[in-house]
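Trainee:
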Amino acid sequence: MVVQTELSEAEIDRVFHALATATRRDILRRTIDREQSVSELARDYEMSFAAVQKHVAVLEEARLIVKRAEGRERLVRANPEMIARARALLARYEELWRARIARLDDLLAEPPASDNERNEAPKRGD
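For the sequence shown, the working numbering begins at 107 and goes up steadily by one.
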């Protein structure tokens with residue numbers, strides 16, 4: 107099975123939007139452990155069932171969770187493939203920032219030029 111790792115800009119926006127709220131991050135965490143019904147999830151939050159359904163819809167739109175019907179219940183589970191893709195994206199951002207910080211560290215570690223070296227630098231027009 108080939109897993110696509112690159113996310114489109116729209117997918118990136120949906121993932122970051124979905125993860126921007128503590129409730130949605132908690133729902134995602136809970137559904138990684140085991141599949142749960144939306145009703146079961148809603149019991150643990152001090153908000154309406156409809157509000158929890160909206161959070162689930164945002165996570166589903168970002169494809170971070172998968173929802174399926176079983177009778178009258180809607181069961182929710184985390185989507186490990188999309189979580190892996192989002193994690194790979196964050197790892198690339200981490201690599202980028204680590205490289206930038208390393209370059210900055212290298213620049214700061216260079217000894218300062220002495221007064222003589224600065225005075226002996228070629229002048230424009232020489």
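Yeah, the Cβ is synthetic: ideal placement off N, Cα and C, and Gly gets one too. Everything numeric in this text was worked out from a predicted model, so none of it was measured.
For the segment 155 to 197, which segments carrying the alpha helix (DSSP H) assignment without a break, of at least 4 residues, lie completely within its bounds, in sequence order?
Mentor: Qualifying alpha helix (DSSP H) stretches, in chain order: 155 to 167.
Trainee: Decide if residue 190 is buried, meaning its Cβ has at least 16 other Cβ atoms within 10 Å, or exposed.
Mentor: With fewer than 16 Cβ atoms within 10 Å of its Cβ, residue 190 is classed as exposed.
Trainee: Could you check the C-alpha separation between residue 145 and residue 121 for me, to the nearest Å?
Mentor: If I take the Cα positions, the gap works out to 23 Å.
Trainee: With DSSP as the reference, label residue 145 as helix, strand or coil.
Mentor: Reduced to three states, the DSSP call for residue 145 is helix.
Trainee: Under the assumption that residue 165 contacts residue 124 (Cβ atoms under 8 Å), give the Cβ distance between them as a whole number of angstroms.
Mentor: That belief holds up - the Cβ atoms of residue 165 and residue 124 are roughly 5 Å apart, short of 8 Å.
Trainee: For residue 216, name the three-state secondary structure that DSSP assigns.
Mentor: In the structure shown, residue 216 sits in coil (DSSP, three-state: anything other than H, G, I, E or B).
Trainee: Return the residue from the list 195, 193 and 170 that minimises the CA-CA distance to residue 136.
Mentor: Of the candidates 195, 193 and 170, the one whose C-alpha sits nearest the C-alpha of residue 136 is 170.
Trainee: Start and end of the alpha helix (DSSP H) containing residue 116?
Mentor: It spans 115 to 125 - the alpha helix (DSSP H) in which residue 116 sits, taken as one unbroken run.
Trainee: Apply the 10 Å Cβ neighbour rule to residue 156 and answer buried if 16 or more other Cβ atoms are within range, or exposed otherwise.
Mentor: Per the 10 Å Cβ criterion, exposed.
Trainee: Which residues in the same chain as residue 158 place their Cβ atom closer than 7 Å to its Cβ, once the five residues preceding and following it in sequence are excluded?
Mentor: Correct list, in chain order: 144, 147, 148 and 151.
Trainee: Please classify residue 130 as buried or exposed, where buried requires at least 16 neighbouring CB atoms within 10 angstroms.
Mentor: Answer is buried; the Cβ neighbour count reaches 16.
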